[in-house]
Structures are given as structure tokens and as C-alpha cells.
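Engineer: Take this structure, written in C-alpha cells, and hold onto it; I'll ask about it next.
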Amino acid sequence: MEQYNLAAKEVKVSIKKDKESFTKTLAEKAEKAATAGHIKIVYQTTKTLVGKYTRSEMPVKDAGGKAIFEKDAQAARWIEHFTSLLNRPPPTNPPEILEARRDLPINCDTPSHREIVDAIKQLNQGKAAGPDLIPPEALKADVDTTATFLCPLFAKVCTSGKYPIDWKEGHLVKIPKKGDLSRCENYRGITLLSIPGKVFNRVLLNRIKSATDPKLRDEQAGFRSNRSTTDQIATLRIIVEQSLEWNSPLIVNFLDYEKAFDSIDRELLWKIMRNYGIPEKISVLLYGCEAWNASTMCIKRIQVFINWCLRRILRIKWTDKISNESLWERTRQIPAGDEIGRLRWRWIGHTLRKPCGSITKNVLD
Numbered sequence: 001m002e003q004y005n006l007a008a009k010e011v012k013v014s015i016k017k018d019k020e021s022f023t024k025t026l027a028e029k030a031e032k033a034a035t036a037g038h039i040k041i042v043y044q045t046t047k048t049l050v051g052k053y054t055r056s057e058m059p060v061k062d063a064g065g066k067a068i069f070e071k072d073a074q075a076a077r078w079i080e081h082f083t084s085l086l087n088r089p090p091p092t093n094p095p096e097i098l099e100a101r102r103d104l105p106i107n108c109d110t111p112s113h114r115e116i117v118d119a120i121k122q123l124n125q126g127k128a129a130g131p132d133l134i135p136p137e138a139l140k141a142d143v144d145t146t147a148t149f150l151c152p153l154f155a156k157v158c159t160s161g162k163y164p165i166d167w168k169e170g171h172l173v174k175i176p177k178k179g180d181l182s183r184c185e186n187y188r189g190i191t192l193l194s195i196p197g198k199v200f201n202r203v204l205l206n207r208i209k210s211a212t213d214p215k216l217r218d219e220q221a222g223f224r225s226n227r228s229t230t231d232q233i234a235t236l237r238i239i240v241e242q243s244l245e246w247n248s249p250l251i252v253n254f255l256d257y258e259k260a261f262d263s264i265d266r267e268l269l270w271k272i273m274r275n276y277g278i279p280e281k282i283s284v285l286l287y288g289c290e291a292w293n294a295s296t297m298c299i300k301r302i303q304v305f306i307n308w309c310l311r312r313i314l315r316i317k318w319t320d321k322i323s324n325e326s327l328w329e330r331t332r333q334i335p336a337g338d339e340i341g342r343l344r345w346r347w348i349g350h351t352l353r354k355p356c357g358s359i360t361k362n363v364l365d
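The opening position of the sequence shown corresponds to residue 1 in our numbering, with each subsequent residue numbered one higher.
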């Protein structure tokens, strides 16, 4: 019995050492990733350190607010919710949208090998696959070979105007937001689409962007390359501050469209594309298929959260009596306020280097 207890003690000590070594290795990996700016690796490593957490499935409520406990009835409720959300009635008085007299100079030929290669390289790693179960890593393993195989398929799609069935289907995943999670309205639906289909759409997008960008308003910042909504937020803040300084009247109107992208009328969208001069063939193919007000309290809360994360990663307890300064030195971190200031100065430099017609630069001047 004594020999058994001694062996059990040695096993426990060995397990503890292995666990400490494993934790230290993960912490070093997270530290290197944070230094290199690889936030995704930091998140994955931290998730491994913290351990698995599974949220128990909550019963959802029907349209009348009554809880549903049966799985089949819950599935039917989700179908009802997304069917209603994604099939909104068309507008009662749609505006008259005329087609452009001339089409924009957009290439409508079959995608070239070079275009497909560029589109594949633009895919993000680590994204979930669609119904065809083809992940982006499979396409990026040998980009040239993948483009060679996709060329005849894309040519057939362009010629016939018909998409493969897998490109038209998607896996709908619900992501919880804030609020009462028993209500379907407090979930965001994400559709996992076919990755090869995304490559084809990226080819079309790359063709459209260069031709349509000069026709878009300067005020349109979101979903455009090198145009962040940060500029618009900064412009609005400067206007408000100047109005207060000069005691001049100012009216600010905020519009937030509920489920905006889910409730877009697709027929009007195709008409708008033709109004911009996008060739009809492109429309047919598409149819088929850092400035915020950081107060002292806000910075303090951010720093508290960062310190908590660092201590959790390094397994530091409050009884260890390690100061925040020592923690920052060990992890090579700088205070949150200094980091925010550095990012703001970088944004200001980026803004000042913009051309004279830039809205944000004019406001700063």
C-alpha cells in the first residue's frame, strides 16, 4: 500500500510538471503571436488555455413569446424566423431607376488564369467550408493547379449563366448577439457558402471595383478599399466640436436600418447596378450566384481587461503579488493608453497624406 501511495504521488507530481510545461509553452506561443500581431493565433491559444466551454442549448420562443422545448418544434421555429427575415415583401412604391446610357468598361469575357490565381490568393485562411466541404486551404495548397482546374468551370458558368447547385446552397449558422437569447431576433444568421463560388464572385468583384469606384460618392466609406468609416466618425466628431466651440446650431440625424442586408429588395439592386452602368451580363452572373472617444475611464477598463487576460494566460494568481508594471515588462506590453495614442497618430498621418479632395483632410484643415 505504501509503495502504491508513493507511485501515485510521483505520477501526480509528473502530471503537474507536464501541465506547467504545456501552459508555459502555450503562453510563450501567445506572446510571440501578440508581438507579431497575429491576433487569431492569440485567440486560439487563449481559448486552449482557458479550456472548453459549451453553452447549453436554450429553448427558443415562438412569435407569441411562448417557450418551445421540443427539438423538432425549435427547428421549425428557426425555419419560420429566417424565412420571414430573408423574404421581405417588395416596396409598395419603388422608385423609377433608369439604365445608364453607356456600360462601364468592365471585362465580361471568361475569367483568365491570372484572375483566378489572384482571387484564390485573396481568400482568408481558417474559414469554414460550404456545402461542398472544400476549405480555402485546399484551394491555396497549390494555387496554380487549382486555377487550372477552375478555369473550364468558370468559363462554362460565364457562357451558360448558370451556377452549380452547390454554389446556390449554404449552411445557415446562428450566432448569438446580446439580449434575451431565447428570442430568434437576438441571433445573427451567417451563411457558409461554397469557397470555389466565392472565388468566382471575387473575380467579378475585382473587375467591377476599379470601374465603379470613381462613380461612388466620397461620403461612402464602408465596404471600400482604403476607405474606413473611421474617417467619417472623425469628421463628425470634429464638426460637433467646432459647433460647440462657435456656439452654432447643429442637427445630427442617426439612421440605423434593422436587418438592413437581409431586407434588401434584390430586384431594385439589379436596377441600381444597371443605373451605374454595370454590364447586364455581370448583373446576371451576380444574380445567379480607428477614431472613438477614449475617456480615462474607458482606457482604464480596457487596461483592466488586458491585465486580466495576461494574468489568465500566464496563470498568475492575486496571491503571487505581481504588479502590473512587472506584468507588462514580462509580456512586452505597453499601456493601453499609449497604444491607443500610437494608433491615433498613425491614423492622423494616414489622413494627412490623403489627396486634397479628401473630406477628412478638409475638415482637419
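Where is the CB? At the ideal position from N, CA and C, for every residue including glycine.
1) Is the number of C-beta pairs between the stretch 327-334 and the stretch 302-315 that are closer than 8 Å three or more?
2) Helix, strand or coil for residue 176 per DSSP?
3) Between the stretch 120-131 and the stretch 228-238, do three or more beta carbon pairs fall short of 8 Å?
4) What do you get for residue 67, buried or exposed, if any count of 16 or more other CB atoms within 10 angstroms of its CB means buried?
5) Expressed to the nearest angstrom, what Euclidean distance is found between the alpha-carbon atoms of residue 146 and residue 213?
6) Return helix, strand or coil for residue 67, following the three-state DSSP convention.
7) At what residues does the alpha helix (DSSP H) containing residue 187 begin and finish?
8) How close, in whole Å, do the beta carbons of residue 250 and residue 240 come, if the pair is a contact with beta carbons under 8 Å?
9) Going by DSSP, what residues sit across from residue 60 in a beta bridge?
10) Beta-carbon within less than 7 Å of residue 81's beta-carbon, same chain only, minus the 5 sequence neighbours each way: which residues are those?
11) How many whole angstroms separate the CB atoms of residue 282 and residue 205, which I take to be in contact at a CB cut-off of 8 Å?
12) Quick check on DSSP: helix, strand or coil for residue 171?
13) Three Cβ pairs or more, each shorter than 8 Å: is that satisfied between the stretch 128-145 and the stretch 183-199?
14) For residue 213, report the span of its alpha helix (DSSP H) as first-last.
15) Whose C-alpha, out of 109, 104, 39 and 224, is nearest the C-alpha of residue 155?
16) Is there contact between the stretch 104-123 and the stretch 164-173, where contact requires at least three CB pairs shorter than 8 Å?
17) Hey, residue 278 and residue 98: beta-carbon distance below 8 Å or not?
18) Identify the continuous alpha helix (DSSP H) that holds residue 50 and give its terminal residues.
19) Would you identify the three-state DSSP class for residue 224, choosing helix, strand or coil?
20) Out of 275, 13, 10 and 79, point me to the one whose CA is closest to residue 61's CA.
21) Within the present structure, is the beta-carbon of residue 109 separated from the nearest heavy atom of the ligand NAD by less than 7 Å?
22) What residues in its chain sit with their C-beta under 8 Å from that of residue 182, if we drop five residues either side in the sequence?
23) Let me know if residue 51 comes out buried or exposed under the rule of 16 or more other beta-carbons within 10 Å of its beta-carbon.
24) Taking buried to mean at least 16 other C-beta atoms within 10 Å of its own C-beta, is residue 318 buried or exposed?
25) Find the nearest neighbour of residue 302 within the set 2, 23 and 334, judged by alpha-carbon distance.
26) Measuring only the C-alpha atoms, how far is residue 117 from residue 216?
27) Would you tell me roughly how many angstroms separate the C-alpha atoms of residue 23 and residue 14, rounded to the nearest one?
28) Using a threshold of 8 Å, state whether the C-beta atoms of residue 267 and residue 274 are closer than that.
29) With DSSP collapsed to three states, give me the class of residue 109.
30) Contact criterion: CB-CB distance below 8 Å. Does residue 32 meet it with respect to chain D?
31) Considering only C-alpha positions, which residue in the set 34, 84, 336 and 177 is nearest to residue 305?
32) Taking the alpha carbon of residue 300 as the reference point, which residue from 324, 167 and 314 has its own alpha carbon closest?
33) Comparing alpha-carbon positions, which option in 186, 198 and 180 lies nearest residue 164?
34) Quick one, which of 168, 86 and 314 has its alpha-carbon nearest residue 48's?
Structural biologist: On the basis of the coordinates in this document:
1) yes
2) strand
3) Touching, no.
4) exposed
5) 30 Å
6) Strand, per DSSP.
7) Per DSSP, residue 187 belongs to no alpha helix (DSSP H); it is in the beta strand (DSSP E), 187-192.
8) 7 Å
9) Residue pairing from DSSP places residue 60 in a beta bridge opposite 68.
10) Within the same chain, 184 come within 7 Å of residue 81 by CB-CB distance, once the 5 residues on both sides are set aside.
11) Their Cβ separation, rounded to whole angstroms, is 10 Å, which puts residue 282 and residue 205 out of contact at 8 Å.
12) strand
13) yes
14) Premise fails: residue 213 is in no alpha helix (DSSP H) and is neither H nor E.
15) 109
16) A contact between stretches requires three or more CB pairs, one per stretch, nearer than 8 Å, and the stretch 104-123 fails this requirement with the stretch 164-173.
17) Going by C-beta atoms, residue 278 is not nearer than 8 Å to residue 98.
18) 39-50
19) strand
20) 79
21) Only the bare structure without any ligand can be found here, which leaves the ligand NAD out of the picture.
22) Annotation for residue 182: 58, 59, 60, 61 and 67 place their beta carbon closer than 8 Å to its own, counting only its chain and skipping 5 residues before and after.
23) exposed
24) exposed
25) Of the listed residues, the one whose Cα sits closest to residue 302 is 334.
26) Taking C-alpha positions only, residue 117 is separated from residue 216 by approximately 28 Å.
27) 14 Å
28) Contact flag unset, no.
29) coil
30) Absent here is chain D; the protein component of the structure consists of one chain.
31) 336
32) 324
33) 198
34) The shortest Cα separation from residue 48 among 168, 86 and 314 belongs to 314.
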